[in-house]
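Asker: Numbering (my numbering), first residue to last: 1231 to 1664. I'd like to ask you about the structure that follows.
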Amino acid sequence: MRRLNRLLLILLLVIIMLNPSASDAANPNRVVSAAISGTVSVQMEEFVARVVKHAEKENAALVVFRLDTPGGLVSATRGITQTILNSNVPVAVWVPPGGRAASAGCFIMQAAHVAAMASGTNIGAAHPVIASGSNVPDGDMKKKVMSDLMASMRSLTQLRGRNENVTQRMIEESLSLTAHEALEGNAIDVVADDIDSLLYASNGRMVEVNGKQTTIGVSPNAGVENVEMSFQEQFIQFLSSPDIAYLLLAGGLLAIFYSIVTSGGFILGTTGAVMLLLGGIGLKMLPFNWAGVALLIAGAVIMGIEIMTGGTGGLLGLLGTAAIIAGGMFLFRAPGGELLHVSMGLITGMGVTLGLCFMIFAMMITRSLRSKVTTGREGLIGLEVEITEDLDPEGMVKCRGEVWRARTKGESLRKGSPAVVVSVDSIILVVKAR
1231 MRRLNRLLLI
1241 LLLVIIMLNP
1251 SASDAANPNR
1261 VVSAAISGTV
1271 SVQMEEFVAR
1281 VVKHAEKENA
1291 ALVVFRLDTP
1301 GGLVSATRGI
1311 TQTILNSNVP
1321 VAVWVPPGGR
1331 AASAGCFIMQ
1341 AAHVAAMASG
1351 TNIGAAHPVI
1361 ASGSNVPDGD
1371 MKKKVMSDLM
1381 ASMRSLTQLR
1391 GRNENVTQRM
1401 IEESLSLTAH
1411 EALEGNAIDV
1421 VADDIDSLLY
1431 ASNGRMVEVN
1441 GKQTTIGVSP
1451 NAGVENVEMS
1461 FQEQFIQFLS
1471 SPDIAYLLLA
1481 GGLLAIFYSI
1491 VTSGGFILGT
1501 TGAVMLLLGG
1511 IGLKMLPFNW
1521 AGVALLIAGA
1531 VIMGIEIMTG
1541 GTGGLLGLLG
1551 TAAIIAGGMF
1561 LFRAPGGELL
1571 HVSMGLITGM
1581 GVTLGLCFMI
1591 FAMMITRSLR
1601 SKVTTGREGL
1611 IGLEVEITED
1621 LDPEGMVKCR
1631 GEVWRARTKG
1641 ESLRKGSPAV
1651 VVSVDSIILV
1661 VKAR
């Protein structure tokens, strides 16, 4: 009997070791949380994958993503939803107070095992647009984009058992709902105003995790581990914002051209080069259009001409400003950015501000070029001199309280006669009668 008991015990241990669900059981006291805010970008996609992988390694009972986004890249959105669908840990996506799940955020919410929002937040407006804010032009491309996005949304809502009619309207009609409206329409699962309420509401819910029915088990005393983006991840995420990328590109181009047409612009030129480099990094992570880049360059060149030509009454400056603003409108008008909502008001404001600053600099430079030189040899020309001895044709004069040797161009000037400097020959002033 003892031998039989030992064999049964050994067999039980072997079964436990070979059964991943038993050996890797979720820890109800461990919850992993992370904030994903800003533009849905490649960097956000990589961060979400890192957080989910960390939660799986720690056998967490739940992953909570705090979502706040105006939209982003279609490819990055698909990558995030795929990561959530393949996660071995239940994932809750929660819009915290003051946040929103707009455009691409709608798809991320629908992929979550638990979709939650705080009161006062909103979800929706997932209609594909171009960067200028208008609809995708009618035609085969619009049908293709709309059909693809709507099918993706239907698959997510059907998988999670939510109302696909409501989510389809978010794409077709740019429908936007408050948290309570979304709950009533079965577009989300929970309204929770803080993370404790979210954990309480999530506990005991039956969800499908990577193809298996799983009950979320979160202890009331569960500790929440907050995972933050590293400095490098935060910096790249910051650069991947279309507004920031545009500002860096436009400002960098203007700074470089300003340094070229003025003397002593090394510091400004170096700053402009760094801004262009950083803007290029952000541009590389966004779907951009070369026509927008060309317009930005043209605008900077036109403003440079405004300075080099000595000013055209501001006409070229206005034209350059218009080109820079148009460049911002077309810069991200490319496939892949249909869910990328760029603030046209912000781009217009930045373009006008940059243009006005550059025009002010141009006016200052033009004024300095046209002003009379007051230093060096050139500064002596036109000054009055006091003749201290007869000039016939050479003699001595006083200029600015200093005694100079002077000569005339053949004429004779008596002591005390009024005269002015017409040129400087080495250390001799050439003067004439005033």
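Virtual Cβ for every residue (Gly too), placed ideally from N, Cα, C. From a predicted model like this one, the values you see are computed outputs, not experimental measurements.
In whole angstroms, give me the CA-to-CA distance for Leu-1561 and Val-1523.
Answerer: Cα-Cα distance, rounded: 6 Å.
Asker: With H, G and I counted as helix, E and B as strand and the rest as coil, what does DSSP make of Thr-1269?
Answerer: Note: Thr-1269 maps to coil in three-state DSSP.
Asker: Nearest to Asn-1456 by alpha carbon, out of Ile-1310, Ala-1342 and Val-1294?
Answerer: For Asn-1456, the nearest C-alpha among the options comes from Val-1294.
Asker: Using a 10 Å radius around the Cβ and a threshold of 16 neighbouring Cβ atoms, would you call Glu-1624 buried or exposed?
Answerer: Glu-1624 is exposed by the Cβ-count criterion.
Asker: Give me the Cα-Cα distance between Thr-1445 and Val-1262, rounded to the nearest whole angstrom.
Answerer: Taking the straight line from one Cα to the other gives about 17 Å.
Asker: How would you label Trp-1520, buried or exposed, when you count the other beta carbons within 10 angstroms and need 16 or more for buried?
Answerer: With fewer than 16 other Cβ atoms within 10 Å, it is exposed.
Asker: Exposed or buried, what is Ala-1409 when buried is set at 16 or more other beta-carbons lying within 10 Å of its beta-carbon?
Answerer: That one is buried.
Asker: With C-beta atoms as the reference, is Leu-1586 less than 8 Å away from Leu-1659?
Answerer: Contact: no.
Asker: Taking 8 Å as the threshold (C-beta atoms), are Ile-1617 and Arg-1218 in contact?
Answerer: With the chain covering 1231 to 1664 only, the question about residue 1218 has no answer from this structure.
Asker: Pick helix, strand or coil for Met-1436, following the three-state DSSP scheme.
Answerer: Residue state, collapsed to three classes: strand.
Asker: Contact between the region 1345-1353 and the region 1327-1336 is defined here as three or more beta-carbon pairs at a separation below 8 Å; is this criterion met?
Answerer: The region 1345-1353, when compared against the region 1327-1336, does touch it at the 8 Å Cβ threshold.
Asker: For Ile-1590, count neighbouring C-beta atoms within 10 Å of its own C-beta (all shown protein chains included) and say buried if the count is 16 or more, exposed if not.
Answerer: That one is exposed.
Asker: Around the C-beta of Val-1504, are 16 or more other C-beta atoms found within 10 angstroms, so that it is buried, or is it exposed?
Answerer: Exposed, by the Cβ-count rule.
Asker: Distance check for Gly-1550 and Ala-1663, CA to CA, integer angstroms please.
Answerer: If I take the Cα positions, the gap works out to 49 Å.
Asker: So, Leu-1506 versus Leu-1477, is the Cβ gap smaller than 8 Å?
Answerer: No, these two residues do not count as a Cβ contact at 8 Å.
Asker: Return the CA-CA distance between Gly-1558 and Leu-1526, expressed in angstroms with no decimal places.
Answerer: In a straight line, the C-alpha of Gly-1558 is about 8 Å away from that of Leu-1526.
Asker: Alpha carbon to alpha carbon, how far is Ala-1306 from Arg-1390? Give it in angstroms, no decimals.
Answerer: Rounded to whole angstroms, Arg-1390 to Ala-1306 spans 21 Å at the Cα level.
Asker: Report buried or exposed for Ser-1668, applying the criterion of at least 16 other Cβ atoms within 10 angstroms of its Cβ.
Answerer: Residue 1668 lies beyond the range of the chain shown here (1231 to 1664); nothing can be said about it.
Asker: What span of residues does the alpha helix (DSSP H) with Thr-1397 cover, start to end?
Answerer: Thr-1397 -> alpha helix (DSSP H) spans 1394-1402.
Asker: According to DSSP, what are the bridge partners of Thr-1638?
Answerer: DSSP lists Val-1661 as partners of Thr-1638.
Asker: Just the Cα atoms here: how many angstroms apart are Val-1582 and Ala-1553?
Answerer: When rounded, the distance between both Cα atoms is 11 Å.
Asker: Check Glu-1455 in the structure and name its three-state DSSP category.
Answerer: Glu-1455 falls in the strand class under three-state DSSP.
Asker: Any idea what DSSP makes of Val-1652, helix, strand or coil?
Answerer: Three-state result, Val-1652: strand.
Asker: What's the C-alpha gap between Val-1420 and Ile-1497?
Answerer: Answer to the nearest angstrom: the Cα atoms are 54 Å apart.
Asker: Give me the residue from Ile-1535, Gly-1579, Lys-1374 and Val-1325 with the minimum Cα distance to Ile-1555.
Answerer: The shortest C-alpha separation from Ile-1555 is found at Gly-1579.
Asker: Output the distance between the C-alpha atoms of Ser-1253 and Thr-1397, rounded to the nearest integer angstrom.
Answerer: Summary for Ser-1253: the model assigns pLDDT 38, below 50, so the residue's position carries little reliability; its value from the coordinates is reported in the next sentence. When rounded, the distance between both Cα atoms is 39 Å.
Asker: Between the Cα of Gly-1301 and the Cα atoms of Asp-1473, Ile-1535, Cys-1629 and Ile-1511, which residue gives the shortest distance?
Answerer: Selected option, being the one with the closest Cα: Asp-1473.
Asker: So the alpha helix (DSSP H) Met-1347 belongs to, where does it begin and stop?
Answerer: Taken as a continuous stretch (DSSP letters only), Met-1347 belongs to no alpha helix (DSSP H), being part of the beta strand (DSSP E) at 1344-1347.
Asker: Which same chain residues, not among the five before or five after Ser-1251, have their C-beta less than 6 Å away from its C-beta?
Answerer: The predicted position of Ser-1251 is uncertain, since its pLDDT is 41 and thus under 50; a value taken from the coordinates is nonetheless stated next. So no residue of the chain qualifies.
Asker: Mind checking who Asp-1298 pairs with in its DSSP beta bridge?
Answerer: The partner list for Asp-1298 (beta bridge, DSSP) reads Ser-1267.
Asker: Between Val-1366 and Gly-1447, what straight-line distance do the alpha-carbon atoms span, to the nearest angstrom?
Answerer: Low confidence applies to Val-1366: its pLDDT is 49, below 50, so where it sits in the model is not reliable enough to give any reading.
Asker: Do Ala-1346 and Ile-1418 have their C-beta atoms closer together than 8 Å?
Answerer: Cβ distance < 8 Å, so Ala-1346 and Ile-1418 count as in contact.
Asker: Give the DSSP bridge partners of Arg-1260, in chain order.
Answerer: Its beta-bridge partners are Gly-1453.
Asker: Pick out the complete alpha helix (DSSP H) segments inside the region 1496-1530, 4 residues or longer, and give them in chain order.
Answerer: Here the runs fully enclosed are 1496-1514.
Asker: Can you tell me whether Gln-1462 is buried or exposed, with buried defined as 16 or more other CB within 10 angstroms of its CB?
Answerer: By the 10 Å Cβ count, Gln-1462 comes out exposed.
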